[in-house]
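Residue numbers (this note's numbering): 513 to 649.
Listed below in structure tokens is the structure:
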């Protein structure tokens with residue numbers, strides 16, 4: 513099955529309804545793309561939950577070592593890790609109660625896309641959440 517991201521209308525709906533975004537691979541370095549994108553989304557009103565085992569706090573929020581450690585609901589999991597890590601991240605993702613799995617530009621795994629989509633999750637791959645938000649607001 514070919515990988516087809518949701519329509520722009522559906523992506524707008526997701527972004528309008530979401531309040532909390534867990535960001536896997538969020539760097540504490542302000543010069544990194546993950547930081548800049550997450551900071552922009554935070555300024556747009558989203559709560560950003562860092563998932564980075566190397567950091568205690570990023571963007572004023574406690575950082576967690578893994579998705580399974582996050583003690584509160586998450587609306588979107590946004591992934592800033594290389595494609596080869598997606599399978600393991602997806603395995604952890606399905607154990608939590610989150611409807612949307614989103615990967616940043618150039619982060620793609622068709623098998624993971626199909627597995628998660630077939631399991632009923634909304635999957636968006638190879639799209640920048642900050643760009644989508646800016647286009648659709």
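Ideal placement from N, C-alpha and C gives every residue a C-beta, glycine not left out.
Just so we're clear, the structure is a prediction, and the values are computed from it rather than from any experiment.
Non-local beta-carbon contacts of residue 541 in its own chain, meaning distances under 7 Å to residues more than five positions away in sequence, involve 547 in chain order. Separation of residue 555 and residue 632 (C-alpha to C-alpha, rounded to the nearest whole angstrom) is 30 Å. By the Cβ neighbour-count rule, residue 537 is buried, with 16 or more other Cβ atoms within 10 Å of its own. Taking a contact as a CB-CB distance under 8 Å, the pair residue 588 and residue 561 does not count as one, their CB atoms being some 10 Å apart. Under the DSSP assignment, residue 520 falls in the alpha helix (DSSP H) whose first and last residues are 520 to 529. Counting along the chain, the unbroken alpha helix (DSSP H) around residue 626 starts and ends at 622 to 630.
Checking the DSSP bridge columns, you'll see residue 590 partnered with 535, 614. Per DSSP, the unbroken beta strand (DSSP E) holding residue 635 starts and ends at 634 to 636. Note that the C-beta distance between residue 591 and residue 563 is not below 7 Å.
In terms of Cβ geometry, residue 599 and residue 635 do not form a close pair [threshold 7 Å].
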